[in-house]
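The structure appears below as structure tokens.
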Amino acid sequence: MVNRFRNRTVVVTGASAGIGRAMARRLIEAGANVGLVARRREALEELAGPNVAIFPGDVRDADFCSRAVEGTAEAFGGIDCAIANAGISMNAPFASADLSVFREMMEVNYFGSLHVARFAHPHLKKSRGSLVFISSVVGKRGFPTRSGYSASKFAVQALFESLRVEWAPEGIHVGIVAPGYTETEIRVNALGSDGKPRGEGGSTVGSVMSADRAAESILKAAADRRRETILTRGGKAMVLLNRFFPALADRVSAKVVG
Numbered sequence: 403m404v405n406r407f408r409n410r411t412v413v414v415t416g417a418s419a420g421i422g423r424a425m426a427r428r429l430i431e432a433g434a435n436v437g438l439v440a441r442r443r444e445a446l447e448e449l450a451g452p453n454v455a456i457f458p459g460d461v462r463d464a465d466f467c468s469r470a471v472e473g474t475a476e477a478f479g480g481i482d483c484a485i486a487n488a489g490i491s492m493n494a495p496f497a498s499a500d501l502s503v504f505r506e507m508m509e510v511n512y513f514g515s516l517h518v519a520r521f522a523h524p525h526l527k528k529s530r531g532s533l534v535f536i537s538s539v540v541g542k543r544g545f546p547t548r549s550g551y552s553a554s555k556f557a558v559q560a561l562f563e564s565l566r567v568e569w570a571p572e573g574i575h576v577g578i579v580a581p582g583y584t585e586t587e588i589r590v591n592a593l594g595s596d597g598k599p600r601g602e603g604g605s606t607v608g609s610v611m612s613a614d615r616a617a618e619s620i621l622k623a624a625a626d627r628r629r630e631t632i633l634t635r636g637g638k639a640m641v642l643l644n645r646f647f648p649a650l651a652d653r654v655s656a657k658v659v660g
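Residue numbers in the sequence shown follow our numbering, run continuously in steps of one, and reach 660 at the last position.
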């Protein structure tokens with residue numbers, strides 16, 4: 403499957419760790435041209451190679467995102483796929499969390515994704531390529547102590563639904579993937595009430611997917627130009643439960659974080 407990206411150019415944000423890093427490795431092995439975006443320069447440099455362009459910086463910065471996207475297009479002659487993967491989570495009660503935590507969720511998760519979409523658009527229009535947003539199961543169903551994270555991912559869901567229809571006449575595929583619980587640093591780095599990483603993973607529900615398996619599923623969804631993909635059995639079950647039995651979903655979500 404991943405060999406379908408050979409000689410294609412892909413931009414991946416949040417490429418220094420977790421799912422983003424796993425996607426980067428798979429794409430490089432498949433012979434893709436890759437533009438990698440993340441804050442940690444050292445982690446990106448470990449992935450450097452002849453078909454890799456690295457862009458250390460913060461997706462909250464629109465000017466930086468523009469330079470990263472344009473730099474990738476200039477280095478490889480265009481862009482075939484952009485994957486908006488960079489994200490940050492929280493684990494704090496709404497009433498005690500500093501307001502900066504909620505702003506941080508929106509700046510990184512929503513505006514970071516929006517920046518990638520905005521600047522990749524002209525290149526994807528030329529290539530009739532793909533834009534893939536990485537959301538979360540909490541972007542389909544809100545969870546207690548994840549209110550800011552859920553809200554930011556719900557915003558990404560709305561952006562996806564809007565752009566999918568808006569860009570369809572231009573031949574651009576817009577998809578979204580919602581991972582469930584995954585073995586990555588995002589839960590360990592989740593912000594607490596004081597805006598600092600908590601340093602602990604928290605509770606999980608259902609099976610936990612490896613970052614490598616999640617990366618494989620995301621790249622397959624992109625290659626197949628799928629509309630929407632939900633990962634892990636627990637994640638799929640929670641989305642269905644919320645749709646048909648919302649009161650029961652409330653009780654389950656309370657136990658998950660309790």
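Quick reminder that beta carbons are idealized off the backbone N, C-alpha and C, glycines included.
Host beta strand (DSSP E) of residue i (start-end)
i	result
Ile430	Here Ile430 belongs to no beta strand (DSSP E); instead the alpha helix (DSSP H) covers 420-431.
Bridge partner(s) assigned by DSSP for residue i
i	result
Cys483	Val412, Ser532
Met611	Thr584
Gly437	Val413, Ala455
Val576	Leu533
Met492	Leu593
Pro736	For the chain, the structure presents residues 403 to 660; residue 736 sits outside this window and is missing.
Contact under 7 Å by Cβ, residue i with residue j
i	j	result
Val576	Leu565	yes
Asn493	Ala651	no
Thr584	Ala616	yes
Phe535	Ser515	yes
Asn487	Gly422	yes
Cys483	Val412	yes
Leu429	Val436	yes
Gly582	Gly637	yes
Residue range of the alpha helix (DSSP H) that includes residue i
i	result
Thr631	Note, Thr631: premise wrong, no alpha helix (DSSP H); beta strand (DSSP E) at 630-632.
Val590	First-last for Val590: undefined, no H or E at that position.
Asp465	464-478
Glu506	501-507
Phe562	549-569
Arg442	Element bounds for Arg442: n/a, residue is neither H nor E.
Leu643	635-646
Rounded Cβ spacing between residue i and residue j (contact assumed at less than 8 Å)
i	j	result
Ala424	Leu438	Actually they do not touch by this definition, with Cβ atoms about 12 Å apart.
Ile481	Ala434	So it is not a contact: roughly 11 Å between Cβ atoms.
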